[in-house]
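Remarks on the structure that follows.
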Amino acid sequence: MGQRAHTIAEVRIDPCILPKDDPEWKFALAANPNSEGWIVTLVTDAGDCGYGYASAMPHYGAPLEAVRANIEGFSRILVGADSAAIAAILQRLDQKVLGNNQAKAAIDCALHDLQARRFGVPLCDLFGGAVRTEFESLRILPIKTPADMAANARRLMNKGVRHFKIKVHGDVAEDVACVAAIREECGPDAGLTIDANQSYSPKDAIRAITEMAKFGIALAEQPVAAGDLRGLKLVTDSVPVVVEADEAADSLDQVFTLVQGRMVDAVSLKITKLGGLRNTIAAARICEAGGVRYRIGAHVGSRLLAANAVHMAATLPGIWYACELTEFDRLLDDPFEGLEVDNGMVRLPETPGCGVRPRPGSLGARAAE
Numbered sequence: 000m001g002q003r004a005h006t007i008a009e010v011r012i013d014p015c016i017l018p019k020d021d022p023e024w025k026f027a028l029a030a031n032p033n034s035e036g037w038i039v040t041l042v043t044d045a046g047d048c049g050y051g052y053a054s055a056m057p058h059y060g061a062p063l064e065a066v067r068a069n070i071e072g073f074s075r076i077l078v079g080a081d082s083a084a085i086a087a088i089l090q091r092l093d094q095k096v097l098g099n100n101q102a103k104a105a106i107d108c109a110l111h112d113l114q115a116r117r118f119g120v121p122l123c124d125l126f127g128g129a130v131r132t133e134f135e136s137l138r139i140l141p142i143k144t145p146a147d148m149a150a151n152a153r154r155l156m157n158k159g160v161r162h163f164k165i166k167v168h169g170d171v172a173e174d175v176a177c178v179a180a181i182r183e184e185c186g187p188d189a190g191l192t193i194d195a196n197q198s199y200s201p202k203d204a205i206r207a208i209t210e211m212a213k214f215g216i217a218l219a220e221q222p223v224a225a226g227d228l229r230g231l232k233l234v235t236d237s238v239p240v241v242v243e244a245d246e247a248a249d250s251l252d253q254v255f256t257l258v259q260g261r262m263v264d265a266v267s268l269k270i271t272k273l274g275g276l277r278n279t280i281a282a283a284r285i286c287e288a289g290g291v292r293y294r295i296g297a298h299v300g301s302r303l304l305a306a307n308a309v310h311m312a313a314t315l316p317g318i319w320y321a322c323e324l325t326e327f328d329r330l331l332d333d334p335f336e337g338l339e340v341d342n343g344m345v346r347l348p349e350t351p352g353c354g355v356r357p358r359p360g361s362l363g364a365r366a367a368e
């Protein structure tokens, strides 16, 4: 017989405000000197703890206080529930309210972390085990002048990074100049991608990406508005570069629509926007079934979020390109430890659960004291 499950006795919610090492970091949709979210700690009647991270994502309609309010509302379902009944709990959350994926993602991750820690196994073992244990870092270059973006890329290359996502903002000439400067600085072997965060019209996207293709970009992420699926497909069909959906793929329904219509070549998968590990893995299976590529997009926040994404990525054999699993490396005052970048690589933690732990004295550590 297996170990006895334990009832969830408490849900703790701690703020997680992480200053960026570059307070002027920005992309096409927003600028904020901090990365903001909440640490969710599930505590059982036996004293076991599981941890999850809820991102504040205003550009997805999830500002900081709204995310907390959603977690508080879900707490009434969680307290008193069997901690091992993960599928049943998640079903009840979906029945309570549609969407609220950032809050649901934190709870999903905390439930799986709790279960894996209780069994004494790495989290990835709950989903069939790892098919890879090392991941090349793809780092984001925020919007700046071409010279400054090239200098940032050089600084990261000196730390072992070989893949970059160039944030662009819709001015075709300026954006192409940024790509050209970064390619010149990094040389022919660096992997370059661009992310417009919906900032182009379809015709401008076609013009910009066609010009950028001369500099060897590997993919173009979300070039047009999330709701403009016809425009997105037009761009996909018109350029010689892989086109990837991000903001247009923030639910399983939307991923299915994109794949069924072959509206993109690839999909950026994120635990935060899809509502947790289970949904994100389901989205990967939809992509596989429809012959559309996928990879793991930006998980910006605590090492806790990144560790969950690394474990999930380890179980997905179809990932086709470098993933964005190391953005925690540019954030300060992280309350969790146990995951680091080494020469541009991040490795799957081998300890039970998601593999990270609260730092001594951190807010998240209260449940472990």
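Per numbering that gives the first Met the number 0: the sequence shown ends with 368, consecutive numbering throughout. Note that beta-carbon positions come from the ideal geometry of N, C-alpha and C, so glycine has one too.
(1) Using DSSP with H/G/I as helix, E/B as strand and the rest coil, what is S267?
(2) Pick out the complete alpha helix (DSSP H) segments inside the stretch 153-226, 4 residues or longer, and give them in chain order.
(3) Is DSSP giving I142 helix, strand or coil here?
(4) Determine the DSSP secondary structure at M262, reduced to helix, strand or coil.
(5) What is the DSSP secondary structure of T350, counted as helix, strand or coil?
(6) Which residue wins for smallest C-alpha separation from I285, given the options A180, R11, A172, V266?
(7) Measuring straight from C-alpha to C-alpha, what distance separates V130 and G275?
(8) With H, G and I counted as helix, E and B as strand and the rest as coil, what does DSSP make of Y59?
(9) Would the beta-carbon of D333 fall within 8 Å of that of L137?
(10) Should G128 go down as buried or exposed, given a rule of 16 or more other Cβ atoms within 10 Å for buried?
(11) Hey, out of E210, Q197, F73, Q253, whose CA is closest to S237's CA?
(12) Need the endpoints of the alpha helix (DSSP H) that N33 sits in, please.
(13) Just to confirm before moving on: does the CB-CB distance between I88 and L110 stay below 8 Å?
(14) Per the DSSP calculation, S301 is bridged to which residue(s)?
(15) Check this for me: beta carbons of L347 and V299, under 8 Å apart or not?
(16) Could you have a look at A364 and say whether DSSP puts it in helix, strand or coil?
(17) With a 10 Å radius around its C-beta and 16 neighbouring C-beta atoms as the bar for buried, classify K272 as buried or exposed.
(18) Give the DSSP-derived three-state secondary structure of N99 in the structure shown.
(19) Distance, Cα to Cα, V66 vs P57?
(20) If we call anything under 8 Å between Cβ atoms a contact, is Y52 one with S301?
(21) Looking at K164 and G139, is the spacing between their C-beta atoms short of 8 Å?
(22) Can you tell me whether DSSP reads E339 as helix, strand or coil?
(23) Going by DSSP in three states, S237 sits in which element: helix, strand or coil?
(24) Of the residues A297, A248, I208, A244, which one's Cα is nearest the Cα of V178?
(25) Once you ignore the five residues that flank A281 on each side, which residues in its own chain have a CB closer than 7 Å to its CB?
So, from the listed chains and residues:
(1) By 1-based counting over the sequence shown, the position of residue 267 is 268. If DSSP states are grouped into helix, strand and coil, S267 belongs with the strands.
(2) Whole alpha helix (DSSP H) segments, 4+ residues: 171-185, 201-211.
(3) Residue numbering aside, residue 142 sits at position 143 when the sequence shown is read from its first letter. Reduced to three states, the DSSP call for I142 is coil.
(4) As a position in the sequence shown, residue 262 is number 263, starting the count at 1. Coil, per DSSP.
(5) Residue numbering aside, residue 350 sits at position 351 when the sequence shown is read from its first letter. The three-state secondary structure of T350, taken from DSSP, is coil.
(6) Mapped onto the sequence shown, residue 285 falls at position 286. Cα-wise, what sits closest to I285 is V266.
(7) Taking the first residue of the sequence shown as position 1, residue 130 is located at position 131. Taking the first residue of the sequence shown as position 1, residue 275 is located at position 276. Between the C-alpha atoms of V130 and G275 there is a straight-line separation of about 20 Å.
(8) Locating residue 59 in the sequence shown gives position 60, where the first residue counts as 1. In the structure shown, Y59 adopts helical secondary structure according to DSSP, grouped into three states.
(9) Indexing the sequence shown from 1 puts residue 333 at position 334. Indexing the sequence shown from 1 puts residue 137 at position 138. Between D333 and L137, the CB-CB gap reaches or exceeds 8 Å.
(10) Stepping through the sequence shown from its first residue, residue 128 is reached at position 129. Per the 10 Å Cβ criterion, exposed.
(11) Your numbering for residue 237 matches position 238 in the sequence shown. If we check each option's Cα against that of S237, E210 comes out closest.
(12) Counting from one through the sequence shown, the residue named residue 33 turns up at place 34. Element bounds for N33: not the alpha helix (DSSP H) but the beta strand (DSSP E), 33-43.
(13) Counting from one through the sequence shown, the residue named residue 88 turns up at place 89. Counting from one through the sequence shown, the residue named residue 110 turns up at place 111. A contact, by the Cβ cut-off of 8 Å.
(14) Residue mapping note: residue 301 aligns to position 302 of the sequence shown, counting from 1. S301 is not bridged to any residue.
(15) Working through the sequence shown from its first residue, we reach residue 347 at position 348. Working through the sequence shown from its first residue, we reach residue 299 at position 300. The answer is no: Cβ separation not under 8 Å.
(16) Here residue 364 refers to the residue found at position 365 of the sequence shown. Note that A364 scores 48 on pLDDT, short of 50, meaning its location in the model is unreliable and no value can be drawn from it.
(17) Here the question's residue 272 lines up with position 273 in the sequence shown. Buried, by the Cβ-count rule.
(18) Here residue 99 is taken as the residue at index 100 of the sequence shown, counted from 1. Secondary structure of N99 (DSSP, three-state): coil.
(19) Mapped onto the sequence shown, residue 66 falls at position 67. Mapped onto the sequence shown, residue 57 falls at position 58. Roughly 10 Å separates the two Cα atoms.
(20) The sequence position of residue 52 within the sequence shown is 53, counting from 1. The sequence position of residue 301 within the sequence shown is 302, counting from 1. Contact flag set, yes.
(21) As a position in the sequence shown, residue 139 is number 140, starting the count at 1. As a position in the sequence shown, residue 164 is number 165, starting the count at 1. With the sequence shown as reference, residue 139 is identified as Ile, and Gly is not the correct amino acid for it. A contact, by the Cβ cut-off of 8 Å.
(22) Here residue 339 is taken as the residue at index 340 of the sequence shown, counted from 1. Here E339 sits in coil by DSSP.
(23) In the sequence shown, residue 237 corresponds to position 238, counting from 1. Helix.
(24) Within the sequence shown, the letter at position 179 stands for residue 178. When A297, A248, I208, A244 are compared, the shortest CA-CA separation from V178 is found for I208.
(25) As a working note, residue 281 is residue 282 in the sequence shown. Only L251 meet the Cβ criterion.
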